[in-house]
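The structure appears below as structure tokens.
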Amino acid sequence: MDCIGHSNETRRRIYRARFSSVTEKDILKAMDNLVEPNKDEALSVDARQEIDLKVGVAFTRFQTSFFQGKYGNLDSRVISYGPCQTPTLGFCVQRYLQINTFKPEKFWAVRPYIMQKGYELQLEWERNKLFDYDVAVMFQKLVMEDGILEVTEIVEKQESKSRPSGLNTVNLLKVASSALGFGPQMAMQVAERLYTQGFISYPRTESTAYPSSFDFRGTLGAQVNNPTWGSYVQRLLADGYQKPRSGTDVGDHPPVTPLRSATEDMLGNDAWRLYEYICTHFIGTVSPDCKYVRTRVEFSIGGEFFHCVGHRVLVKGFTSIMPWLAVTEKNLPQFTKGEKIEVSQVDLHEGMTSPPDFLSESELISLMEKNGIGTDASISVHINNICERNYVQVLAGRKLGPTALGITLIRGYQCIDPDLCLPDIRSFIEQQITLVAKGQADHFRVVQHVLQQFRQKYSYFVKQIENMDALFEAQFSPLADSGRVLSKCGKCLRYMKHISSQPSRLYCNTCEEVYYLPQKGSIKLYKELTCPLDNFELLIFSMPGPDGKSFPLCPYCYNSPPFEGIDTLFGAVKSGPSSQLGKGAGMPCFLCPHPTCRHSLIAQGVCACPECSGTLVLDPVSAPKWRLCCNMCNFLVLLPEGAHQISTTRERCPECDSTILEVDFNKKTTPLENGETLYTGCILCDELLHSLVEMKYGKSFFKRMGGRGRGRGSRRGGYRGRGRGTGKKVDPKMSFRDF
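What follows is the structure, encoded as structure tokens:
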């Protein structure tokens, strides 16, 4: 409304439709009950975005620039900080430290066994366990010496297990992780897809209470023909469904519920499993409670007390549709009060206390909800972020184990300012933002107050960064001690080391210079050839896979393009106020306009790319599967396979101005007459070469650029549509025949 600049008069005619599902009924109801937009709610969202962005960017930029150039085995492209992300990591590291500092202890427990009417029962000790061996042995002897148990009490009590409340986002994510094996991010993506397809209601909600107007009969009726649970729903409607338990109504959206019936064939495996849980959970909320009888029998012997417990289910209730929550039946033999029973065996069980396990995603989600970290919409994002930043690793059973980097970061924050990784500040911020949403606090003042707090913390953090650096120094290796020797530096002529951990880079120990390389591929020396501009040895970068590009580059030119406009051509985003390109971006040889270097765009460029403003360049190391690659997009041209050699010449095609190629065919497979192998021609205009090439799309390192390129690609743009003439038969393998 601010952007479109409507007057106050026009603003009075702008309304908002509120709905929680994309069904015709809900949309029409929303259109019949339009409400005025809530400016306070919008300002609260703006406040959260502004705080998170400014705080996160400031700390992230400083940490990344400070640590990344110092340590070689620091395997992270960005060392990020976030007001929600970092406390989330803090929970994982706190559990890790509890595990590491845990000291196991031996314990002993007395376990008597009895035989009663054909049943062998192990009885539980009221003392549970003891940590003193001699005392435990003493109690074992007392029990063995007595030898006769007396039944002192029999208590039978009918109990019930309550049906679940409505399903909110947090509980959906917890079940998806612990029971279905879905990470929170994946679970939300699947749930959102089910919502947009109209199978479930809006999946981002904090409420577990259904509104008073909710149509339970209609929602159940949509499931009566489902082949999996339709018969159960029919019985439920016939016998009468139960009113759901009262839950929490936050006022956002109703709990997640199914809207229409589906099958596994309609949804696919992952979506079906999540949909199946949402359906069974909803059906469970309107099913009867599970009722059972709990029997506890108490015994005494030698002055010690023992007991056993049994369960007998009377009404399965909602556990019929949610069997994983069923009460485990345990039948006990008949006992009478005062009955004497002989002990058949008395064991002294020895055990060891065990440390807690790594936090599971489900446990982490509970901690985040309890401490006010993130919202129902962002919890999955924060967990995904700490995984992607290499702060934690997902272990078996969806457990989260912190990495060396994650542990070192949290320990560093604890040394400098523990508030940076504790949930307290974030909890306070969320409380203030809630007040903004209710109109009880001023948006501008809240934002300025929080930013002022973090500004002071940032200044102190920068001054004390050496404390964190000492921890990094103990954990990670300096650049000088990292990597393997690869190529010579053009300045000092000493060998530089290749550090393969992200971000991939070269380090010259003599000059103390870092040269960033293209990411996510392999790097090797290119025949010890050197760049004519700076004398650095050339490297070959190769993308993974059979269709991955390969191209030469000079480390120095790549980081500091020697020709004006090259960084603009590549479209690389500058990082910071310096003139350095962002990590992983730069000028490879196939963008270099050097007039005499045989690896440059001038020497290796062949013709314009039909898909973008780039140039098709000969891949120098693609033999025997020779090909041309676009220097801007992922377009490939496969050249005659099996040729001994394919190279560019200095000649140009008189018709289209493309570079003439020289092809040395294999003697056994040559298409030339009389066994000739050497042939020159234009791949666009020469009929023979044109019939032997094929186009396809491969894997490209570069993002496609918006503007027009320079060099061969832009100069040749006007030649599209030219060739031998339109009267000739077009080869179907080459769609750019006439450009």
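The sequence shown begins at 4 in this note's numbering and counts up one residue at a time.
Backbone N, C-alpha and C define an ideal beta-carbon position, used for all residues, glycine too.
Model, not experiment: these values are computed from the prediction.
Please report the distance separating the alpha-carbon of residue i from that of residue j.
i    : j    : result
K577 : F70  : Confidence is the limiting factor: at K577 the pLDDT is only 38, short of 50, which leaves the residue's position unreliable and the question unanswerable from this model.
Y510 : F62  : 26 Å
A190 : G400 : 16 Å
S553 : Y559 : 18 Å
F668 : L489 : 34 Å
T673 : T266 : 57 Å
P326 : K132 : 33 Å
Q52  : L528 : 46 Å
R114 : I151 : 14 Å
P405 : S363 : 12 Å
T680 : V640 : 21 Å
E366 : V173 : 11 Å
A179 : G186 : 7 Å
H797 : W629 : Residue 797 is absent from the model: the chain starts at 4 and stops at 742.
L335 : E342 : 15 Å
F22  : K32  : 8 Å
Q467 : A407 : 21 Å
K109 : L398 : 28 Å
G579 : P565 : Confidence at G579 is low in this model, with a pLDDT of 38, below 50, so the placement of that residue is unreliable and no value is reported for it.
K699 : Q451 : 54 Å
I17  : Y205 : 24 Å
G415 : Q478 : 12 Å
A606 : C514 : 32 Å
N677 : G493 : 49 Å
P291 : I324 : 11 Å
I382 : Y122 : 50 Å
S563 : C636 : 22 Å
W111 : F142 : 11 Å
R603 : C595 : Residue identity differs from the one stated: residue 603 is Ser in this sequence, not Arg. Rounded to whole angstroms, S603 to C595 spans 5 Å at the Cα level.
D43  : F447 : 12 Å
K373 : L423 : 18 Å
M4   : V38  : 15 Å
Going by Cα to Cα distance, which pick from the options is closest to residue i?
i    : options                   : result
V289 : D268, T339 and G224       : G224
K777 : P521, K491 and L520       : Outside the shown range of the chain (4 to 742) lies residue 777, about which nothing can therefore be said.
V300 : W128, S323, G271 and S625 : W128
R263 : G313, G201, Y463 and C95  : G201
S369 : I649, C95, V38 and D689   : C95
G375 : R130, Q88 and Q456        : Q88
L536 : H597, H284 and M118       : H597
D3   : L474, A194, I526 and R448 : No answer is possible for residue 3: the residues shown for the chain start at 4 and end at 742.
P230 : K294, E279 and L183       : E279
K671 : V60, H647, C688 and E665  : H647
D49  : I432, F539, K28 and C282  : I432
H352 : L270, A440, S504 and Q125 : Q125
V449 : Q459, Q434, K699 and V227 : Q434
I649 : V624, C612, V316 and Y519 : V624
E567 : M546, A274, G589 and L556 : G589
G271 : Q522, R196, I304 and N387 : R196
L203 : T283, Y122, K402 and K294 : Reading the sequence as shown, one finds Ile at residue 203 and not Leu. Minimum Cα distance to I203 is reached at T283.
P107 : P358, V154 and R80        : P358
Q101 : R601, D360, L556 and N393 : D360
T26  : N103, T67 and T199        : T199
E148 : P167, R238, Q119 and E345 : E345
F309 : F217, I157 and V236       : I157
L520 : I419, Y561, L695 and F105 : Y561
L675 : C656, L695, D660 and I663 : L695
Less than 8 Å between the CB atoms is what I'm expecting for residue i and residue j, so what's the real figure, rounded?
i    : j    : result
D255 : T208 : 5 Å
G169 : Y99  : Actually they do not touch by this definition, with Cβ atoms about 35 Å apart.
C633 : G617 : 4 Å
F638 : E614 : 5 Å
G75  : G354 : About 45 Å separates the two Cβ atoms, so there is no contact after all.
P40  : R15  : Their Cβ separation, rounded to whole angstroms, is 11 Å, which puts P40 and R15 out of contact at 8 Å.
E658 : T683 : At roughly 15 Å, the Cβ-Cβ gap does not stay under 8 Å, so E658 and T683 are not in contact.
Identify every residue that forms a DSSP beta bridge with residue i.
i    : result
Y529 : Note: Y529 sits in no beta bridge, so no partner.
G271 : G271 pairs with nothing; no bridge assigned.
Q125 : Y116
P261 : I203
F308 : S303
L664 : T651 and G684
F554 : F544
- [ ] Pick out the complete alpha helix (DSSP H) segments inside the region 182 to 214, 4 residues or longer, and give them in chain order.
- [x] Correct list: 187 to 199.
- [ ] Pick out the complete beta strand (DSSP E) segments inside the region 592 to 632, 3 residues or longer, and give them in chain order.
- [x] 608 to 611 and 618 to 621
Open item on the list: I'd like the ranges of any beta strand (DSSP E) spanning at least 3 consecutive residues and lying wholly in the region 364 to 402.
Closed with: 395 to 398
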